[in-house]
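Contents: one structure, followed by commentary.
There are 2 protein chains.
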Amino acid sequence: MGPGPSDVSPRVLEALGRPTIGHLDPEFVGLMDEIKSLLHYAFQTNNELTLPVSAPGSAGMEACFVNLVSPGDTVIVCQNGVFGGRMKENVERCGGTAVMVEDEWGQPIDIAKVKAAFEQYPTAKVLAFVHAETSTGVQSDAKALCQLATDNHALSIVDTVTSVGGINVDIDGWGADAVYSGTQKCLSCVPGISPVSFGPRAVAAIQNREHKVQSWFLDMQLVMGYWGGNTKRAYHHTAPVNAMYALHESLLMLKEEGLENAWQRHQTHHDALVAGLEAMGLSMVVDKAHRLPQLNLVNLPEGADDAAVRAALLSEYSLEIGAGLGALAGKAWRIGLMGHACSKKNVVLCLSALDNVLSAQGAKINSGVAVAAALASY
Amino acid sequence: MGPGPSDVSPRVLEALGRPTIGHLDPEFVGLMDEIKSLLHYAFQTNNELTLPVSAPGSAGMEACFVNLVSPGDTVIVCQNGVFGGRMKENVERCGGTAVMVEDEWGQPIDIAKVKAAFEQYPTAKVLAFVHAETSTGVQSDAKALCQLATDNHALSIVDTVTSVGGINVDIDGWGADAVYSGTQKCLSCVPGISPVSFGPRAVAAIQNREHKVQSWFLDMQLVMGYWGGNTKRAYHHTAPVNAMYALHESLLMLKEEGLENAWQRHQTHHDALVAGLEAMGLSMVVDKAHRLPQLNLVNLPEGADDAAVRAALLSEYSLEIGAGLGALAGKAWRIGLMGHACSKKNVVLCLSALDNVLSAQGAKINSGVAVAAALASY
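Structural data, given as structure tokens:
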């Protein structure tokens, strides 16, 4: 129940361990086609250029930036947590200039500030932002931000690592141009793969590039030769075949459950967890309107020792919760309710264990009432 | 029995499917330390900066180039197959100039030509070459090439994707500066991870860089914060936890067998396969002195239809062999004997199946003698 990787379902682990076949085997090519189709469903898009990058989310982020940002480009980057900072690094390593729009950690992106940035930098080529900030548990208004990019003739790059499968990710509805994600959060697949999707305007920008993409491995024109279209698949790199079995299975599970049902499940267990935490006397960091159901930022109660509590949860209950990051380090915990791990069982386990460990360490809480409060919320 | 991914042993698949834990979990950090130690053994090196890149071999290649090549640098690139061409792409995308030293496909790198290139470009910063060319089944003299680089105050970048675990890879003995590899060949681990190692001269070059590495994901100074030393592990990216379980298990198996025993096993079964193929009347593409035991390039016999034979092997025998690439496309097959798949059972299966399929298709071979010839060689 940390900020990810989340618990992987036995069904996905079973798929992962199937015998490895060749990355150009006809059976594997068929599986690749199914993965693309399932990603269209998960992302709610018809974008042809939708595929899993064979590396973690950080590489998916880099794939978006190196394909769309060229030296001299101005990129407006929203930062309200850790991952906006990483986007800035990416822009600069592509030779671009990052114009930072900063909000406090724990707050969503302020649309008015982004609007002002576009007024100041009307030729900005890209707007980059994080839909669901894993470092703070905040969601921002992706639809409004993508619209703002389009209105200003800029491309949007959207981080959906923590959102896909947990809350509504609607690439076509938003009009998002480039989106990357991760497998290890609400998809409950093993970490190491980053699904990406590029819309028509982004594809046109890639096709009209003047210089080659600085990364050979992440050059989407080359990757598409392997993943794309109806033509013969050209060898680009050796795909992580077994990880693709797992991704396929996890996406199939999402489709079987249905997107809306998955979102509702995350919301239901989130509500119960919050009811329990608040009954215990703990307070949430993020305003209700912007909270991610899958990642719960809770303030440490008086008298709690951050590291000691997390160590006790791990050693006594095999339960991982995440530390706060950046401005929230030592002040908040990050409790994940992601994918397969988002269950009544885990809500009850987490509340019971926290109650026990905090009481034993003498923190100021209302002991013995959290589980009942959570159950009452169902 | 293609050119990789090779068959993965059940023991490695079992490890792969273990429950996912956090990438900063103390248990996982312990596993990371063991992986580093096992890589030191497999690569025969004491290089501190030895770790698995969380992406396929193509990304391991790129990690070496982006960290060591800066705009304006001259790099001597040896090309005697597909992967030298990919190195050229990498150099150019780093803003460097690639000086190509070309040899025929199926021939090893000619040391005299490399010497001449250094005479013509005495300030070349890097010499890059492939130890074991997966596209042609040829090995080149890595020790002599690394020495030539050192003599000319250049850094060596060495591709050992297909060699490690199958033939002698001796980073410290060679004095190699930067080496990348893959998990999916003679280590018989699942594809998707690229072990790399950087020696002291390469580390110094990285530390003295004037500009940031163009890839955030592959920036070794950042990656080291997660994988390195005795200090607290800093989050860089989410490691592909399950793939690391598998890599750990495959490296452990290599250590249990012993490097020399593993090399001998590859040589023994290679000798038997060649005896069988030659008895059948087929000829090898590569001279005996430069053949890779783990990747056997064999000329198509008269009357054989490349694609039809490979399709029949796959559908009738579940047996994959590789097509020829580049200059060898349609003219040769690539038969892998890698890692777990390098066994007497596979030698006999391959010869029997080839004999049967080629006979059925009316190719000119000596039928019915290959298996006996192979068995006589043991």
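As given, the protein sequences belong to chains A and B, one line each in that order. If you use full-length UniProt numbering, the first sequence corresponds to residues 1 to 378, in order. If you use full-length UniProt numbering, the second sequence corresponds to residues 1 to 378, in order. Where a beta carbon is used, it is the ideal one built from N, C-alpha and C, also for glycine.
Residue 238(B) is classed as buried because its beta carbon has at least 16 other beta carbons within 10 Å across all chains shown. Fully enclosed beta strand (DSSP E) runs of no fewer than 3 residues occupy 126 to 130, 155 to 159 of the segment 126 to 169 of chain A, in order along the chain. For residue 366(B), the closest C-alpha among the options 344(B), 378(B), 282(B), 289(B) is that of 282(B). DSSP places residue 184(A) outside both helix and strand once states are collapsed to three, so it counts as coil.
From the listed residues 18(B), 99(B), 20(B), 13(B), the smallest Cα separation to residue 18(A) is found for 13(B).
In this structure, 144(B) is the residue among 7(B), 144(B), 333(B), 53(B) with its C-alpha nearest to the C-alpha of residue 173(B). Counting the other Cβ atoms within 10 Å of the Cβ of residue 62(A) gives 16 or more, which makes it buried. For residue 263(A), the enclosing alpha helix (DSSP H) stretches over residues 259 to 279.
Non-local beta-carbon contacts of residue 135(A) in its own chain, meaning distances under 6 Å to residues more than five positions away in sequence, involve 81, 82, 325 in chain order. When secondary structure is reduced to three states using DSSP, residue 346(A) falls in the helix class. Taking all protein chains shown into account, residue 214(A) has 16 or more neighbouring C-beta atoms within 10 Å of its C-beta and is therefore buried. Among the residues of chain A, those whose CB is under 9 Å from the CB of residue 14(B) are 17, following chain order.
At a C-beta separation below 8 Å, residue 105(A) has no neighbours in chain B, since its nearest C-beta there lies roughly 16 Å away. Below 8 Å, enough C-beta pairs join the segment 86 to 97 of chain A and the segment 63 to 71 of chain A to call them touching: three or more. With a threshold of 8 Å between beta carbons, residue 217(B) makes contact with chain A.
Scanning chain A for C-beta atoms nearer than 8 Å to the C-beta of residue 4(B) yields 238, reported in chain order. Among the CB atoms of chain A, one or more fall inside 8 Å of the CB of residue 90(B). Here DSSP, grouped into helix, strand and coil, assigns residue 198(A) to strand. Inter-residue distance for residue 34(B) and residue 248(B) is about 7 Å (C-alpha atoms, whole angstroms). In the structure shown, residue 221(A) falls within a helical segment according to DSSP collapsed to helix, strand and coil. Using a CB distance cut-off of 8 Å, residue 20(A) counts as an interface residue toward chain B. Rounded to the nearest whole angstrom, the CA to CA distance from residue 128(A) to residue 158(A) is 6 Å. Scanning chain A for C-beta atoms nearer than 9 Å to the C-beta of residue 54(B) yields 55, 56, 58, 59, 191, 192, reported in chain order. DSSP lists 195(B) as the beta-bridge partner residues of residue 52(B). Under a criterion of Cβ atoms nearer than 8 Å, the residues of chain A adjacent to residue 93(B) are, in order, 212, 213, 214, 215, 216. At least one CB atom of chain A sits nearer than 8 Å to the CB of residue 86(B). The beta carbon of residue 133(A) sits closer than 7 Å to the beta carbons of 80, 81, 83 from its chain, once the five residues preceding and following it are set aside; these are given in chain order. Under the criterion of beta carbons closer than 8 Å, residue 218(A) and residue 116(A) do not qualify as touching, at roughly 32 Å.
For residue 31(A), the secondary structure class from DSSP, reduced to helix, strand or coil, is helix. Here residue 239(A) carries a coil assignment [DSSP, helix/strand/coil].
With a threshold of 16 other beta carbon atoms within 10 Å, residue 180(B) meets it and is buried. The beta carbon of residue 132(B) does not come within 8 Å of any beta carbon belonging to chain A, so the residue lies off that interface. In terms of Cβ geometry, residue 55(B) and residue 55(A) form a close pair [threshold 8 Å]. In terms of beta-carbon proximity, residue 243(B) lines the interface with chain A, with at least one pair separated by less than 8 Å. Interface annotation, residue 184(B): in contact with chain A, CB-CB separation under 8 Å. For the segment 156 to 170 of chain B, no residue has a beta-carbon sitting nearer than 7 Å to a beta-carbon of chain A.
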